[in-house]
Amino acid sequence: MLPEFGGDSYTNADNFMTGRANGVATYRNTDFFGLVNGLNFAVQYQGNNEGASNGQEGTNNGRDVRHENGDGWGLSTTYDLGMGFSAGAAYTSSDRTNDQVNHTAAGGDKADAWTAGLKYDANNIYLATMYSETRNMTPFGDSDYAVANKTQNFEVTAQYQV
Numbered sequence: 001m002l003p004e005f006g007g008d009s010y011t012n013a014d015n016f017m018t019g020r021a022n023g024v025a026t027y028r029n030t031d032f033f034g035l036v037n038g039l040n041f042a043v044q045y046q047g048n049n050e051g052a053s054n055g056q057e058g059t060n061n062g063r064d065v066r067h068e069n070g071d072g073w074g075l076s077t078t079y080d081l082g083m084g085f086s087a088g089a090a091y092t093s094s095d096r097t098n099d100q101v102n103h104t105a106a107g108g109d110k111a112d113a114w115t116a117g118l119k120y121d122a123n124n125i126y127l128a129t130m131y132s133e134t135r136n137m138t139p140f141g142d143s144d145y146a147v148a149n150k151t152q153n154f155e156v157t158a159q160y161q162v
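Using full-length UniProt numbering, read the sequence shown as starting at 1 and increasing by one per residue.
1) For G34, which three-state DSSP category applies?
2) Going straight from the alpha carbon of Q132 to that of Y91, what length do you get?
3) Over the uninterrupted alpha helix (DSSP H) stretch that includes V101, give me the two end residues.
4) May I have a chain-ordered list of the beta strand (DSSP E) segments no shorter than 3 residues that lie completely inside the segment 121–150?
5) With distances taken between CB atoms, is the gap from F16 to M130 smaller than 7 Å?
6) Taking all protein chains shown into account, decide if Q100 is buried (16 or more other Cβ within 10 angstroms of its Cβ) or exposed.
7) So, helix, strand or coil for R20, using DSSP?
8) From N22 to Q46, what distance separates their C-alpha atoms?
9) What would DSSP say about V162, mapped onto helix, strand or coil?
10) Going by CA-CA distance only, name the one from V65, T77, D109 that's closest to F41.
11) Beta carbon of L118, beta carbon of A158: below 7 Å?
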């Protein structure tokens, strides 16, 4: 199994709403209000986390510009298809801070990501795959201002469980 959540090709802890994040309010629902077995969803809101600088007030002073975020929201859903198969998808969109818009390599006022995946987990076999795209959100390299305009990510995991 994966040591954390997967999505390691594009997520960073506490960076927008990928990986683990702070300042998040979450609503989760299983079996779609009791109407559809196996259909689960979540809705999230994240308040801004920006560093202090001349261009912004700052709410989380220890962050470099690549790891700040403005207000954002996200949706995720999974559906158990039966016989060990399930599918999931998620979308998130956040405002970028003034420093991110004005001082990073990526352009745009918004940071967005979407992902979709499939999983098989039965008969001692675990197979999972996902595809995702991000825009203006994924940091790279060592520079405080290196943020990719767009990423495309594909992950596959396979395990035989004895």
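Backbone N, C-alpha and C fix where the C-beta goes; we use that ideal spot for every residue, glycine too.
Short version:
1) Locating residue 34 in the sequence shown gives position 34, counting from the first residue. Residue state, collapsed to three classes: helix.
2) On the sequence shown, position 132 is the one that residue 132 refers to. On the sequence shown, position 91 is the one that residue 91 refers to. It should be pointed out that residue 132 corresponds to Ser in this sequence rather than to Gln. Going from the Cα of S132 to the Cα of Y91 covers about 10 Å.
3) Along the sequence shown, one-based indexing puts residue 101 at 101. Counting along the chain, the alpha helix (DSSP H) containing V101 begins and ends at 98–103.
4) 125–135
5) Here residue 16 is taken as the residue at index 16 of the sequence shown, counted from 1. Here residue 130 is taken as the residue at index 130 of the sequence shown, counted from 1. Cβ distance not < 7 Å, so F16 and M130 don't count as in contact.
6) The count along the sequence shown starts at 1 and reaches residue 100 at position 100. Buried, because 16 or more other Cβ atoms sit within 10 Å of the Cβ of Q100.
7) If you number the sequence shown from 1, residue 20 lands on position 20. Coil at R20, not helix or strand.
8) Stepping through the sequence shown from its first residue, residue 22 is reached at position 22. Stepping through the sequence shown from its first residue, residue 46 is reached at position 46. N22 and Q46 have their C-alpha atoms roughly 8 Å apart.
9) Counting from one through the sequence shown, the residue named residue 162 turns up at place 162. V162 falls in the coil class under three-state DSSP.
10) Locating residue 41 in the sequence shown gives position 41, where the first residue counts as 1. Measuring from the Cα of F41, the nearest candidate turns out to be T77.
11) For the purposes of this step, residue 118 is taken as residue 118 along the sequence shown, with counting starting at 1. For the purposes of this step, residue 158 is taken as residue 158 along the sequence shown, with counting starting at 1. The criterion of a C-beta distance shorter than 7 Å is not satisfied by L118 and A158.
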